[in-house]
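Data block below; observations after.
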Amino acid sequence: MPDNELTAVRTVRREISAECGGDVDRVLDYYEEVQQLIKQSGRYQFVKKPFRIVASTGKERHVTNP
Numbered sequence: 000m001p002d003n004e005l006t007a008v009r010t011v012r013r014e015i016s017a018e019c020g021g022d023v024d025r026v027l028d029y030y031e032e033v034q035q036l037i038k039q040s041g042r043y044q045f046v047k048k049p050f051r052i053v054a055s056t057g058k059e060r061h062v063t064n065p
């Protein structure tokens, strides 16, 4: 990926983090909400993976490398 594309992705990630006040839980909630909207659109298929409880928050989080 060219540097200008990486810069654009990093800029958007920083903006999302800033909108969430730098709170990791709020950032994850934001991404989960966006994921649900994308799923509801029906444009893409998603693989269902197991969830686990994250000890620090007690919330379910999608974990790819438990």
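Each residue of the sequence shown is one higher than the last, beginning at 0 in numbering that gives the first Met the number 0. For glycine and all other residues, C-beta sits at the position ideal for the given N, C-alpha and C.
Assigned secondary structure, residue i (DSSP; H/G/I helix, E/B strand, else coil)
i           : result
arginine 13 : helix
arginine 25 : helix
lysine 47   : coil
Whole-angstrom distance between residue j and residue i, CA atom to CA atom
i            : j            : result
tyrosine 30  : glutamate 4  : 20 Å
glycine 41   : glycine 21   : 31 Å
lysine 48    : aspartate 2  : 32 Å
serine 16    : glutamine 44 : 27 Å
arginine 9   : valine 46    : 26 Å
glutamate 14 : alanine 7    : 11 Å
Anticipated Cβ contact below 8 Å, residue i with residue j, distance rounded
i         : j           : result
valine 26 : cysteine 19 : 5 Å
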